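Student: Residue numbers (our numbering): 6 to 140. Handing you this structure, nothing more for now.
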Amino acid sequence: ETNLVLWRKIDEYHFDREFLPWAMTISKYQILARIRDQNRERCLLDSGLVEQLADEVESQANQFESAQQALRLCMKSLTEDVQQLLHRRYSGSESIQALADSVQRSTSAVKVSLMRARRRLAECITRRLAMEERV
């Protein structure tokens, strides 16, 4: 039902704004309208609780978007070889053994490379998110 409302209201969306907060606001109002309608029959959920939940979901979604953006930027700081290794392992679901065979390295060496790359990404993301919070 909410997806249909989003499609009907797509003309109201301004593409210079973030999509997710706009969609979350519409979703929140859809839920509140549903509760209001159900409250006419009987009380199922407190609208204050729904407001709190909607705010929390929106906050989590914004944090997730920030983390994704930080990940994209941090990936660019890695060498092309390391980016490819991460992509093949996690997007392509390639096994460690297959990766090791293709790059002519031991499985241990590939595991260490992946571990170091993940650590660098985690540190970079943490720094970027901390800088974002200060702004």
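Ideal Cβ placement from N, Cα and C applies to all residues, glycine included. All of these numbers come straight from a predicted model, not from anything done at the bench.
(1) Assess, as a yes-or-no matter, whether the region 56-76 is touched by the region 85-104 under the definition of 3 or more beta carbon pairs within less than 8 Å.
(2) Is the beta carbon of R133 sitting closer than 8 Å to the one on L78?
(3) Would you mind reading off the limits of the alpha helix (DSSP H) that contains K116?
(4) Apart from the five residues just before and just after K116, which ones in its own chain have a Cβ nearer than 8 Å to its Cβ?
(5) Helix, strand or coil: which one does DSSP assign to Y82?
(6) From H92 to I40, what distance separates their C-alpha atoms?
(7) Could you tell me the boundaries of the alpha helix (DSSP H) in which D106 lies?
(8) Going by the beta-carbon positions, is the gap between W27 and Y18 smaller than 8 Å?
Tutor: Short version:
(1) no
(2) yes
(3) 112-139
(4) I101
(5) Note that residue 82 corresponds to Ser in the displayed sequence, not to Tyr. In the structure shown, S82 sits in coil (DSSP, three-state: anything other than H, G, I, E or B).
(6) 44 Å
(7) 101-108
(8) yes
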